[in-house]
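One point on numbering: in this note's numbering, the residue at position 23 of the sequence shown is 391, and numbering is uninterrupted.
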Amino acid sequence: MDFANFLIQLLNSLQYGLLLFMLAAGLTLIFGIMGVVNLAHGSFYMLGAYLAWFLASQFDSLVLAIVVGTLIAVALGWALEWLLFRHFYHRDHLDQVLLTFGLIYIFEEVRSILWGDDVHSVPVPELVNWSIPLTENLSYPVYRLVISVVCVVLALGLYFLISKTRLGMKIRAGAFNREMTESLGINIRLIHGVVFALGVALAAIAGMIASPISSVYPGMGSSVLIMCFVVVVIGGIGSVRGALVSALLVGLVDTFGKVLVPQIAGMAVYMLMAGVLLYKPEGLFKQ
């Protein structure tokens, strides 16, 4: 592998890892703070991709579609937490699994009714629809770099929100001791609504920005859900920092595995997870 090919694969792994982090961050926030096992998280990724396709065709602008789609995702997350999830915080994890597993089928049926079962594509915005030449025969799409930049900006924003703001302090307090937080006069139900809406929005944004480089198709949330759980388990359940490190590791192993050892690429990520759990059963970073 020459340097140009190595650089392309490195950038691909970085972009894939950051997208996985967007998904895993929402999942680990919801589980780490609210204790909810959300198997429907991949459906929010699928919803984001379909919203990007549908709204971009209506507005003729992917950027405007992402803005409107994010608002819709936030509203959906808030409504789901208010109508369903807040009644399952103190229930057994099996009840949560059954609820979210049922939501997967509901989202699939609603998607089929609204948009059908065809495969769709989302055009790349003209402003970034060009490539950077690396050699005479190789170039790298600028839009993939844009995806990485957007993910980094959102990751920094999430860090600032959780670590440096008053709202983040309340979120961390609610995760550490819900009863004490409520006794201090903090509306923990409001905090949970904000966290769940944020988690749904992150997954939907990941689906929206990824839609131009991948097809929009039925069941696309199922494949990313498994990888998302792998990232959360490797990083440490409830740790956003662990989700970032783990997502980048998974991106590297998956991307270079497909290039260097395609025969075992399908299980390379799971071998990584097994190796990490063998020596650190709690994951790379404890909550």
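Glycine is no exception: its CB is placed at the ideal position from the N, C-alpha and C atoms.
The structure displayed is predicted, hence computed values, not measured ones.
Who are the Cβ neighbours of residue i in its own chain at under 7 Å, not counting the five residues just before and after it?
i: V435; result: none
i: G619; result: S381, L382, Y384, G385 and L388
i: I440; result: L419
i: A543; result: G400 and I401
i: F427; result: A433
Going by DSSP, what residues sit across from residue i in a beta bridge?
i: V584; result: H488
i: Y473; result: The partner list for Y473 (beta bridge, DSSP) is empty, contrary to what the question assumes.
i: I500; result: Y508
Less than 6 Å between C-beta atoms, sequence neighbours within five positions excluded: which residues of the same chain meet that for residue i?
i: T468; result: N406, L407 and A408
i: N380; result: T623
i: A417; result: G575, S579 and V584
i: G561; result: W446 and E449
i: K538; result: I554 and I559
i: A636; result: V621 and G625
i: Q464; result: V404, V405 and F456
i: G394; result: G567, L570 and A571
i: A541; result: T549
i: M588; result: M414
i: M390; result: C519, L570 and A574
i: W483; result: Y418
Taking residue i and residue j to be in contact with their CB atoms under 8 Å, please state how far apart those CB atoms are, rounded to whole angstroms.
i: V599; j: A392; result: 4 Å
i: L397; j: M595; result: Not really, about 17 Å apart at Cβ, beyond 8 Å.
i: A571; j: F412; result: 4 Å
i: V490; j: A420; result: 5 Å
i: A523; j: L415; result: About 21 Å; that fails the 8 Å criterion.
i: R546; j: I556; result: 6 Å
Could you check which residue in the options has the C-alpha nearest to that of residue i?
i: F564; options: R512, V520 and Y457; result: Y457
i: L386; options: C519, V608, M639 and I581; result: C519
i: D460; options: G403, T549, F653 and L616; result: G403
i: S499; options: Q631, I376, W421 and G625; result: I376
i: Y452; options: I440, L471 and A441; result: Rather than Tyr, the amino acid found at residue 452 in this sequence is Leu. Closest by alpha carbon: L471.
i: V487; options: G400, F422 and M641; result: F422
i: D485; options: T533, E476, V629 and P491; result: E476
i: L495; options: V465, S607 and S429; result: S429
i: L492; options: V478, E650, I515 and I481; result: In the sequence on display, residue 492 carries Val and not Leu. Nearest of V478, E650, I515 and I481 to V492, Cα basis: I515.
i: T438; options: N497, G525, F371 and G567; result: G567
i: T503; options: L646, D370, M641 and A642; result: D370
i: I577; options: L513, L646 and N545; result: L513
i: I401; options: Q631, S590, L616 and R454; result: R454
i: R479; options: T533, P586, Y511 and S590; result: P586
i: G525; options: P509, V608, N497 and L640; result: V608
i: L670; options: V442, S614 and I481; result: Residue 670 cannot be examined here, being either before or after the span of the chain that is shown, 369 to 655.
i: S591; options: L617, F374, G634 and R557; result: G634
i: S582; options: I632, Y638, S425 and Y511; result: Y511
i: I474; options: L432, G536 and G410; result: G410
i: L616; options: L378, A372 and N373; result: L378
Within its chain, find whatever has a CB closer than 8 Å to the CB of residue i; leave out the 5 residues flanking it on each side and keep chain order.
i: P501; result: S507
i: M641; result: V598, V601 and I602
i: G643; result: none
If we cut at 9 Å on Cβ distances, does residue i have a partner in chain D?
i: W498; result: In the structure shown, chain D cannot be found, because there is only a single protein chain.
### Task
Would you mind listing the alpha helix (DSSP H) stretches within the region 533 to 589 that are 4+ residues and don't spill past its ends, in chain order?
For the region 533 to 589, whole alpha helix (DSSP H) runs of length 4 or above, ordered along the chain, are 534 to 544, 546 to 551 and 556 to 578.
#### Entry: Completely contained alpha helix (DSSP H) runs for the region 416 to 471, where each covers 4 or more residues
430 to 451
### Task
Tell me the start and end of each unbroken alpha helix (DSSP H) in the region 596 to 654 that is at least 4 residues and wholly inside, in chain order.
608 to 628 and 633 to 647
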